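Colleague: Numbering (this note's numbering), first residue to last: 2 to 195.
One structure coming up, written as structure tokens, with questions to follow.
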């Protein structure tokens, strides 16, 4: 049986082009004041892609922004457990970290400040440690979780919790949000976790 790969390649190419239009080519900057939507788009000079990721270092409570989105991290709490309400059991439940691990529960907000819709969510967050290990979001059972992937239109925002499980002895933890994509490389904003 002969397989025709042309339709599969066409769909894959369309998907890649679609995803590349969902993110910004610019590096994030620290927001110094609350922004108001402007009627004139911001312009930036063309950038050259480097092999090392661009990284903006921030403190908890500060905002990283591009001309399309703003990301604010309000808190990052280390805990051995958290409580949530179970709709199935109709009671409050407790989720505990595995032995030798702790949870980091992050409260963050993403806002679309651009003129076009954007696809954003908790999947762009990660945590790194001093040894270079990367930790992706874990399953969070609370009803106040940040959605994994959502389309936001101009001036819309979403806020919620993101859960990570990391080793208890992990040092120099940094929460990171990746503003980049497959074509333009990594563009990171980092918040130090105390």
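Note that CB positions come from ideal geometry on N, CA and C, so glycine has one too.
Fair warning: this is a prediction, and the values are worked out from it, not measured in the lab.
Where does residue 195 land, buried or exposed, given buried means 16+ other C-beta within 10 angstroms?
Modeller: Exposed, by the Cβ-count rule.
Colleague: Mind listing, in chain order, the continuous beta strand (DSSP E) runs of no fewer than 3 residues lying wholly within the segment 81–116?
Modeller: 82–87, 92–97, 102–113
Colleague: Between which residues of its own chain and residue 121 is the CB-CB distance below 7 Å, once the five residues before and five after are set aside?
Modeller: Apart from the 5 residues on each side of it in sequence, residue 121 sits with its Cβ closer than 7 Å to the Cβ of 70, 111, 151, 153 in its chain, given in chain order.
Colleague: Helix, strand or coil for residue 48, going by three-state DSSP, please let me know.
Modeller: Below a pLDDT of 50, predicted positions are generally treated as unreliable, and residue 48, at 44, falls in that range; no measurement from the model is reported.
Colleague: If we call anything under 7 Å between Cβ atoms a contact, is residue 141 one with residue 164?
Modeller: yes
Colleague: Could you say which of 89, 31, 146, 100 lies nearest to residue 57 if we only look at CA atoms?
Modeller: The shortest CA-to-CA distance from residue 57 to any of 89, 31, 146, 100 is the one to 31.
Colleague: Measuring CA to CA, which of 181, 98, 73, 64 is closest to residue 162?
Modeller: 73
Colleague: Compare the Cα-Cα distances from residue 125 to each of 118, 136, 79 and report the closest residue.
Modeller: 136
Colleague: Could you give the residue range of the beta strand (DSSP E) that holds residue 179?
Modeller: Run containing residue 179: 175–179, per the beta strand (DSSP E) assignment.
Colleague: Please work out which residues of its chain come closer than 7 Å, Cβ to Cβ, to residue 127, disregarding the five sequence neighbours upstream and downstream, and give them in chain order.
Modeller: 135, 136, 137, 177
Colleague: What three-state label does DSSP hand residue 191 in the structure shown?
Modeller: strand
Colleague: Over what stretch of residues does the beta strand (DSSP E) that includes residue 247 continue unbroken?
Modeller: Nothing can be reported for residue 247, as the shown portion of the chain is limited to 2 through 195.
Colleague: So that I know if they touch, is there some Cβ in chain D lying closer than 7 Å to that of residue 77?
Modeller: Absent from the structure: chain D. Only one protein chain is present.
Colleague: If I'm right that residue 103 touches residue 79 with Cβ under 8 Å, what's the distance once you round it to whole angstroms?
Modeller: 5 Å
Colleague: Given a threshold of 16 other Cβ atoms within 10 Å of its Cβ, counted over all protein chains shown, does residue 60 qualify as buried or as exposed?
Modeller: By the neighbour-count rule (16 or more Cβ atoms within 10 Å), residue 60 is not buried but exposed.
Colleague: Could you check what DSSP says for residue 21 in three-state terms: helix, strand or coil?
Modeller: Reliability of the predicted coordinates at residue 21 is poor, the pLDDT of 47 falling under 50, and the value obtained from them is presented with this limitation in mind. Helix at residue 21.
Colleague: Applying the 10 Å Cβ sphere with the 16-neighbour rule, what's the burial state of residue 40?
Modeller: The predicted model places residue 40 with a pLDDT of 37, which falls under 50 and marks its position as unreliable; any figure quoted below should be read in that light. Answer is exposed; the Cβ neighbour count stays below 16.
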